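Q: Attaching a single structure in structure tokens format; questions to follow.
Residue numbers (the numbering used here): 17 to 696.
See below:
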């Protein structure tokens, strides 16, 4: 048994040695035998072999990519082709440009939109095959960009319906249609349109300022009714010829007279009752132009939401008129756009526009001045911006009031009288400041309603935008019954007095005027001194009226002149040379003078002394010039230290290697050692 074990162990050892040899051969293979020159592969053969291998791999990759593209197309996954043979940075740029819309519109990658025609969209809606979206006929893209007025569909502004899922959306332009189709989810997730209100706009300006052009543009874009006084009169005469108003208008017109303002305003009021004016809105073109017309509008509560004044200089008006007349045929009789008639209209407009502008700015704060000197496209953009801003304020106001929340009342044409009549418990004091810090902040000093709000039918004014935001967020915390502090009673609120009110409270102090001994008189054993000859004559004529006046218990101090030399030294310096001394010390602080071989303190004192002498307003011209020269010499000598410190080196330099004026300035510096800096 022992021998068998020994043999078995020897066999195992041999096998292990063989295994180790095999492992070593695998890990460290022996060097291949050097190939003979006949068996060595040539360069052309290697190139052919590599081309074949690469071609086979390329064909295999193309086949695989085509199979993958076919699978992508089955699942509607888009495939982007980019030319990879170009430079690497161009490939990266093209790749980013292709992937950017996919990343931005990743929420709508698997959404599909189908554009259709308007007639087909209406047919599908009528047959209930598709449904109209919650946006109605609003453009969702324009709505997300801040549009507050719904564009109207007509030949100039066609709509572009798009089907998305089970709904039809109406887009106002090709650009908005493309945006919507790229990312519909982005636009259908936004809040729904706010309630619309009819818009009432007025446009005034001198003749040829572009009023009618802007009014017609607004009318065609948004479907508003354009109304001028002439159109309102024609509407009455054509549609209501048998009414009393039409008969009175015909009576004036047949006699060659203009229609009175009273009749014109009645015609305008009737025209404003039309369906378009009460649903979409109206643009009043060129009215009012006089203060009386403005008062008639106010009496009938015809208040435009926005009034635009197109401001154009007279020179530009006549320039436009001449360019217009060049295109027209000349006639022997004057037309309504002749130079003479335009000059009269322009003069009348500029005479009245200031009072009209002032009234609307103070009462309704709805007047906006547009520079009409710019192009018509610029003017149009400015007008639309203002209209959308005001319309947005009104929409937010109606939405919040309907929900029972507080709403800002800015841009709502609220008059000061209406504001006063509807003020809340805190009158014009800020309720937020009173509640948070118990401070009485009076907001009546500002007439603007920018920080004013309405809550539960009452108006409240805040002192800042921050306070307004707090009030709009939680109005219940700042009004009764949850308000922590009520407004104090009227007698506990400090009141600011004007100068006239102050004088009315203290008439005696206001009347205390020192008399002139040249106008003295005696009456009933008393001497009276008057201020002037006129007052002396008054006393002489009516002595009983003035003789028994009583002075107050405490009199104000007499206004006696005080001599400058009688003041103490600090007062004398303050009243006499304070300004000059401050200027001298400021100059010394900027210059920081250091005279050679003198201390810093003495150098500064000498410079201040020279400065006071050189700029003494009461000194003679000769003295000022003399000390200005001395001050300049003093400053030059002070600069020697800076110059020599910069130019002088530790090692000795030969004279030919020194600066040109170095030796001269060094000699000057050394000569100042024992010299008097004032007289030297």
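Built from N, CA and C at the ideal position, the CB exists for glycine as well. Given the structure is predicted, the values throughout are model-derived calculations rather than measurements.
1. Can you name, in chain order, every residue of its own chain whose Cβ lies under 8 Å from the Cβ of residue 418, other than the five neighbours on each side?
2. In terms of residues, what are the limits of the beta strand (DSSP E) holding residue 501?
3. Would you mind giving the Cβ-Cβ distance between residue 298 and residue 288, rounded to the nearest angstrom? I have them listed as a contact below 8 Å.
4. Go ahead and pull the three-state DSSP assignment for residue 461.
5. Which term fits residue 469, buried or exposed, when burial requires 16 or more other beta carbons within 10 angstroms of its beta carbon?
6. Using the Cα positions of residue 402 and residue 443, report the straight-line distance between them to the nearest angstrom.
7. Considering only residues of the segment 549-575, which uninterrupted alpha helix (DSSP H) runs meet the minimum length of 4 residues and lie entirely inside it, listed in chain order?
8. Taking only the alpha-carbon atoms, compute the straight-line gap between residue 576 and residue 379 and give it to the nearest angstrom.
9. Of the residues 161, 188, 155, 181, which one's Cα is nearest the Cα of residue 171?
10. So which of 414, 452, 520 has the shortest CA-CA distance to residue 473?
11. Taking C-beta to C-beta, are residue 623 and residue 597 nearer than 8 Å?
12. Is DSSP giving residue 648 helix, strand or coil here?
13. Exposed or buried, which one is residue 301 when buried takes at least 16 other CB atoms within 10 Å?
14. Taking 7 Å as the cut-off, is the C-beta of residue 541 nearer than that to any heavy atom in the ligand MN?
15. Would the beta-carbon of residue 461 fall within 8 Å of that of residue 483?
16. To test your reading of the DSSP string, which unbroken beta strand (DSSP E) runs of 3 or more residues are found completely within the segment 90-171?
17. Are the CB atoms of residue 261 and residue 282 nearer to each other than 8 Å?
18. In the DSSP assignment, find the beta strand (DSSP E) that holds residue 298 and state where it starts and stops.
19. Work out the CA separation of residue 226 and residue 269 for me, nearest whole Å.
20. Roughly how many angstroms separate the alpha carbons of residue 3 and residue 178, rounded to a whole number?
21. Just the C-alpha distance for residue 605 and residue 631, rounded to the nearest angstrom, thanks.
22. Does the Cβ of residue 245 have 16 or more other Cβ atoms within 10 Å, making it buried, or fewer, making it exposed?
23. Considering only C-alpha positions, which residue in the set 390, 428, 393 is nearest to residue 408?
24. Taking the alpha carbon of residue 193 as the point to measure from, which residue in 215, 132, 165, 216 has its own alpha carbon closest?
25. Determine the closest residue to residue 196 out of 507, 264, 253, 125, with distance taken between C-alpha atoms.
26. Do residue 458 and residue 445 have their C-beta atoms closer together than 8 Å?
27. By how many angstroms is the C-alpha of residue 118 removed from the C-alpha of residue 94?
28. Would you kindly work out how many angstroms separate the C-alpha atoms of residue 208 and residue 411, rounded to a whole number?
29. Where does the unbroken alpha helix (DSSP H) through residue 231 begin, and where does it stop?
30. Using beta carbons (cut-off 8 Å, strictly below), is residue 601 in contact with chain C?
A: Looking at the coordinates:
1. 211
2. That residue, residue 501, is in no beta strand (DSSP E); it is neither H nor E in DSSP.
3. 6 Å
4. coil
5. buried
6. 30 Å
7. 549-557, 559-562
8. 50 Å
9. 188
10. 414
11. no
12. helix
13. buried
14. The ligand MN is absent from the structure shown, which contains no ligand whatsoever.
15. no
16. 129-131
17. yes
18. 297-301
19. 28 Å
20. Nothing can be reported for residue 3: it is not among the residues displayed for the chain, which extend from 17 to 696.
21. 17 Å
22. buried
23. 428
24. 132
25. 125
26. yes
27. 10 Å
28. 12 Å
29. 227-238
30. The displayed structure is made up of one protein chain only, and chain C is not part of it.
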